[in-house]
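Taken in order, these protein sequences are the chains called A and B.
The working numbering puts the first sequence at residues 196 to 898.
The working numbering puts the second sequence at residues 316 to 483.
Before any comments, here is the structure.
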Amino acid sequence: MSRPVLPRSLAATPRLDRWVRFDDNLAVTVWSGKVEIGQGIATAIAQIAADELDVDIRRVSVVAGDTTQSPDEGYTSGSQSIESGGMAMRQACAEVRALFVAEAARRFEVSAAELRVRDGSIRVAGTDLSTSYWELAPQVDLARDASGAAQPKAAALHTVAGSSVQRRDLPAKLTGGAYVHDMSLPRMVHGRVLRPPSGGARLEALDTGTIRAMPGVVAVVLNGSFVGICAEREEQAVAALKAARAAASWRERGSLPQSTEVRDFLPAMRAERTVVGRIGDLPVAGAARRVAASYSKPYLAHASIGPSCALARTQDGHLTVWSHTQGPHHLRSQIARALALSPADVDVVHADGAGCYGHNGADDVALDAALLARACGRPVLMQWTREDELASSPYGSAMLVDISASLDGDGQVIGWAHEIWSYPHSSRPGSGEGVDLLAAWDIDPPFAPSKPKDVPLPHGGATRNAVPAYDFPAQEIACNLVRESPLRVSALRSLGAYANVFAIESFIDELAAAANEDPVAFRLKHLRDPRARAVIESAAKAAAWTQGRKGDGTRGRGIGFARYKDISAWCAVIAEVAVGAKLEVKRVIAAVDAGEAINPDALVNQVEGGIIQAISWTLKEQVLWDSTRVSARSWDSYPILRFDEVPEIEVTIVSRPDSPPLGVGECAAGPTAAALANALYDAMGVRVRDLPLTPERIARAME
Amino acid sequence: MTSAGMDADVTVRTLRVNGVDREVTAAPDTPLVYILRNDLGLKGTRFGCGEGQCGACTVILDGRAVPSCDLPLWSAEGHEITTVEGIGSEGGLHPVQQAFIDVQAAQCGYCCDGIVMAAVALLDRVPDPTDEAIVAALERHLCRCGAHTRILRAIRAAAVAMAKSAAP
Numbered sequence: 196m197s198r199p200v201l202p203r204s205l206a207a208t209p210r211l212d213r214w215v216r217f218d219d220n221l222a223v224t225v226w227s228g229k230v231e232i233g234q235g236i237a238t239a240i241a242q243i244a245a246d247e248l249d250v251d252i253r254r255v256s257v258v259a260g261d262t263t264q265s266p267d268e269g270y271t272s273g274s275q276s277i278e279s280g281g282m283a284m285r286q287a288c289a290e291v292r293a294l295f296v297a298e299a300a301r302r303f304e305v306s307a308a309e310l311r312v313r314d315g316s317i318r319v320a321g322t323d324l325s326t327s328y329w330e331l332a333p334q335v336d337l338a339r340d341a342s343g344a345a346q347p348k349a350a351a352l353h354t355v356a357g358s359s360v361q362r363r364d365l366p367a368k369l370t371g372g373a374y375v376h377d378m379s380l381p382r383m384v385h386g387r388v389l390r391p392p393s394g395g396a397r398l399e400a401l402d403t404g405t406i407r408a409m410p411g412v413v414a415v416v417l418n419g420s421f422v423g424i425c426a427e428r429e430e431q432a433v434a435a436l437k438a439a440r441a442a443a444s445w446r447e448r449g450s451l452p453q454s455t456e457v458r459d460f461l462p463a464m465r466a467e468r469t470v471v472g473r474i475g476d477l478p479v480a481g482a483a484r485r486v487a488a489s490y491s492k493p494y495l496a497h498a499s500i501g502p503s504c505a506l507a508r509t510q511d512g513h514l515t516v517w518s519h520t521q522g523p524h525h526l527r528s529q530i531a532r533a534l535a536l537s538p539a540d541v542d543v544v545h546a547d548g549a550g551c552y553g554h555n556g557a558d559d560v561a562l563d564a565a566l567l568a569r570a571c572g573r574p575v576l577m578q579w580t581r582e583d584e585l586a587s588s589p590y591g592s593a594m595l596v597d598i599s600a601s602l603d604g605d606g607q608v609i610g611w612a613h614e615i616w617s618y619p620h621s622s623r624p625g626s627g628e629g630v631d632l633l634a635a636w637d638i639d640p641p642f643a644p645s646k647p648k649d650v651p652l653p654h655g656g657a658t659r660n661a662v663p664a665y666d667f668p669a670q671e672i673a674c675n676l677v678r679e680s681p682l683r684v685s686a687l688r689s690l691g692a693y694a695n696v697f698a699i700e701s702f703i704d705e706l707a708a709a710a711n712e713d714p715v716a717f718r719l720k721h722l723r724d725p726r727a728r729a730v731i732e733s734a735a736k737a738a739a740w741t742q743g744r745k746g747d748g749t750r751g752r753g754i755g756f757a758r759y760k761d762i763s764a765w766c767a768v769i770a771e772v773a774v775g776a777k778l779e780v781k782r783v784i785a786a787v788d789a790g791e792a793i794n795p796d797a798l799v800n801q802v803e804g805g806i807i808q809a810i811s812w813t814l815k816e817q818v819l820w821d822s823t824r825v826s827a828r829s830w831d832s833y834p835i836l837r838f839d840e841v842p843e844i845e846v847t848i849v850s851r852p853d854s855p856p857l858g859v860g861e862c863a864a865g866p867t868a869a870a871l872a873n874a875l876y877d878a879m880g881v882r883v884r885d886l887p888l889t890p891e892r893i894a895r896a897m898e
Numbered sequence: 316m317t318s319a320g321m322d323a324d325v326t327v328r329t330l331r332v333n334g335v336d337r338e339v340t341a342a343p344d345t346p347l348v349y350i351l352r353n354d355l356g357l358k359g360t361r362f363g364c365g366e367g368q369c370g371a372c373t374v375i376l377d378g379r380a381v382p383s384c385d386l387p388l389w390s391a392e393g394h395e396i397t398t399v400e401g402i403g404s405e406g407g408l409h410p411v412q413q414a415f416i417d418v419q420a421a422q423c424g425y426c427c428d429g430i431v432m433a434a435v436a437l438l439d440r441v442p443d444p445t446d447e448a449i450v451a452a453l454e455r456h457l458c459r460c461g462a463h464t465r466i467l468r469a470i471r472a473a474a475v476a477m478a479k480s481a482a483p
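Here it is in structure tokens:
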């Protein structure tokens, strides 16, 4: 018999007592490495554990992302929390349950099949004989490795997983303090950092004496080009930061591209070309015609509503940092390196932050806090400013995608070439050989960042979703990776999938229009995958899509589809728009197949959020700059979607309770972008291939 | 600098917050958001931008929803200030808070308390607002997670619930 395969995180941390504990007060503690970042994972993990253990969910507490006790599950990213963290928890709980049932069977001298578990009590069916997890806990040693032998419940037996349990963290968040920003420790001071005005800028001069003399200032930490301030009161830290900004002089590189248009600067840079996918041979023989188009996507900001924040404390030589990081264990080792400490002398404890859509400033501000806490010897609540958040967090990478297709006499695609230009899409701290935290590059001596690299397929960074889901008989997918980006880049929700799907699904629409075919019918003609077909058909049905109906000059509709990463959730999005002075989105209909839905309402919520954020990116967002500095520094210079611009949204789940659950946080981004561009085309006959779809770009395309 | 870290023009002021007079000692131009959060421990008023552009720090001042990040301490004196802690608690939620939970009108939740305050101010003034009036009341509020449609639904649901409980 072959050895059963454990879920990845459970294989990495196989000891069962690292995952589950039965507490004295009839409670259960489970430890997860997947952290709450606004996606509801803490609730979903509790649902999975409650179901597999057969205990009331109210008994279950989840401790996540605490390096003193939680398993290391890497980063909470890539829509992997359910797929990877959830499935590890499910298996761990199944193993624990099996051990307890076996112990009860021994005690009562019955077979395991005769035992029933209900809310933690274990009863011999049809008798009064019973015990419980808590009663047996002293006898059952969980300090043992998962074997992989226990079988999680069949999907049909799930009662908690699969139901729309309410988020457990919301009552606190809706009534008061609940975030790392709200934490407080005795003798705590408030921290601010004077960030360099542009990437790589070096501090030339700063008279720290006048800043130190300001009211309430406890310390001005000057280390190379790193300038930090600690003050008794928050407004005093703010005032000192303002004074420091006015007093500091910097030597800046002034080397940003002259144009902010992606197609002007990106393909002109030195790139390494790799073919990442090939089927058959291009160019194909017998093509009646060949068509090509080029699409682009600008740098995008995370733009969370709450600027990044961390709390740090040094006590008896031990540093503790409370952080809204996505990767507490990675952050611990990175901070330890930056401060020349042993990782054993550092702990990172996850605390909730504002919405996280990828690698934002969370890790950077944690090192800021640690540097200040070490320098001033008191706990420091380190808060980034709005400007820091928009101008100093990493951006989602700019991309350019060229697609060409060969068509046969019937308009069927027989050859397809997809060529990407992109900067890398991930520079997460701990994923490379360097120290990838902002302050580490400014202190003296500075640490080197990791050599820029991209995420390889199957997940992909620039290449994420570059392989079309359609059954094109010959295709070549290539990526021209430009390692050195003018602006700092890292993972932003869906990485390259947003641009690749926008390009593929726009181009498919162009081909359908050229062949005078309906966009839905044209897609289905090239698509065998039944789950792909089902989401497209389901969205079309929900939107009452009528074949062949055309836009009327101002109103139109468009569709976009993708299977996220080619291995995760299927999503089809249909948008209805009206075009006047600007592109207005009236209604969006989406259908999603994410396998087993652990929490259907939370799943729908994630998809709705993904759609709205993607509408914002697609209609409005673009990081701009002058020759030296980025201009995204406030909500004026980086506007996002507002309440009066948000459409009606309907999300349908294509239910597959027997299929493994798939993450949905990112699946809607690319399909939404394409649906909007395609709806614009349907409305007005105008094809805009460079994002965002601003009134200026639409007007230019009409010329 | 004094040992308490205060400068010379620090004054003692009395603020009326959530129906209670609270004495605070700070520079008179201190933005109200820091007084509420750090001196009075009312952390549901959140810092988002410091420029009155995102609505995360919204409180109700004499019945009007206003951002507290660009409101100096001196100008808040003599007014009735309500924060999210003043309208309800986990054990006794305000109908607007309850509706946000019923509808699950949040993802990260960071923008929500400011929006809840804007909604409470609106519903106190206009018990049965049109959809346009709700959107207009949220003009100064930003949400990044994309909970907008649920937030609008929650506010409509709260209006209905409040009308029901107010009925004789």
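Quick reminder that beta carbons are idealized off the backbone N, C-alpha and C, glycines included.
Item	Value
From B/411, B/381, B/376, residue whose alpha carbon lies closest to that of residue 394 of chain B	B/376
Minimum Cβ-Cβ distance from residue 353 of chain B to chain A less than 7 angstroms	yes
Residues that residue 376 of chain A contacts on chain B, provided the C-beta gap is smaller than 9 angstroms	352, 358, 361, 362, 425
Classification of residue 736 of chain A by the beta-carbon crowding that lies within 10 angstroms, buried from 16 upward	exposed
Inter-residue spacing [alpha-carbon to alpha-carbon] between residue 722 of chain A and residue 667 of chain A	9 angstroms
Residue 845 of chain A, DSSP secondary structure in three states	strand
The ligand SAH heavy atom lying under 6 angstroms from the CB of residue 281 of chain A	No copy of the ligand SAH occurs in the structure displayed, which carries no ligand at all.
Residues in the stretch 378-401 of chain B having any Cβ partner in chain A nearer than 7 angstroms	399, 400
Chain-order list of residues whose beta-carbon lies under 7 angstroms from that of residue 352 of chain B (same chain, five-residue window excluded)	358, 360
Residue from A/655, A/807, A/471 whose Cα sits closest to the Cα of residue 866 of chain A	A/807
Every unbroken alpha helix (DSSP H) inside the stretch 324-365 of chain A [4 residues or more]	328-331
Cβ pair residue 755 of chain A, residue 864 of chain A closer than 7 angstroms	no
Nearest residue (CA-CA) to residue 671 of chain A, options A/640, A/612, A/697	A/612
Assigned secondary structure, residue 867 of chain A (DSSP; H/G/I helix, E/B strand, else coil)	helix
Minimum length 4: unbroken alpha helix (DSSP H) runs contained in the stretch 373-441 of chain A	403-407
Alpha-carbon spacing of residue 857 of chain A relative to residue 878 of chain A, whole angstroms	34 angstroms
Whole-angstrom distance between residue 381 of chain A and residue 244 of chain A, CA atom to CA atom	36 angstroms
For residue 525 of chain A and residue 626 of chain A, the rounded distance between their alpha carbons	8 angstroms
Chain B contact for residue 368 of chain A (CB, 7 angstroms cutoff)	yes
For residue 675 of chain A, three-class secondary structure by DSSP	strand
Identified DSSP bridge partners for residue 778 of chain A	A/774
Bounding residues of the alpha helix (DSSP H) (the contiguous stretch that carries residue 693 of chain A)	692-709
Partner residues on chain A for residue 428 of chain B, Cβ-Cβ distance less than 9 angstroms	368, 369, 370, 371
Partner residues on chain B for residue 841 of chain A, Cβ-Cβ distance less than 7 angstroms	463, 464
is_contact[residue 416 of chain B, chain A] using C-beta, thresh 7 angstroms	yes
Chain B contact for residue 581 of chain A (CB, 7 angstroms cutoff)	yes
Buried versus exposed, by CB contacts within 10 Å (16 or more), residue 329 of chain B	exposed
Beta-carbon neighbours of residue 374 of chain B, restricted to chain A and to distances below 9 angstroms	Correct list: empty, because the minimum Cβ distance to chain A is about 13 angstroms.
Outcome for residue 282 of chain A when other beta-carbon atoms lying within 10 angstroms are tallied against a minimum of 16	buried
Residues near residue 464 of chain B by beta carbon distance below 7 angstroms, same chain, minus five either side	none
Burial state of residue 411 of chain A, where buried means 16 or more other Cβ atoms lie within 10 Å	buried
Beta-carbon contacts of residue 294 of chain A that lie in its chain and below 6 angstroms, excluding the five residues immediately before and after	335
Distance, residue 473 of chain A Cα to residue 488 of chain A Cα	20 angstroms
Interface positions of the stretch 482-502 of chain A facing chain B (Cβ-Cβ less than 9 angstroms), listed along the chain	497, 498, 499, 500, 501, 502
Selected residue, minimal CA-CA separation from residue 474 of chain B, among B/461, B/448, B/462, B/458	B/448
Assigned exposure category for residue 513 of chain A - 16 Cβ within 10 Å defines buried	exposed
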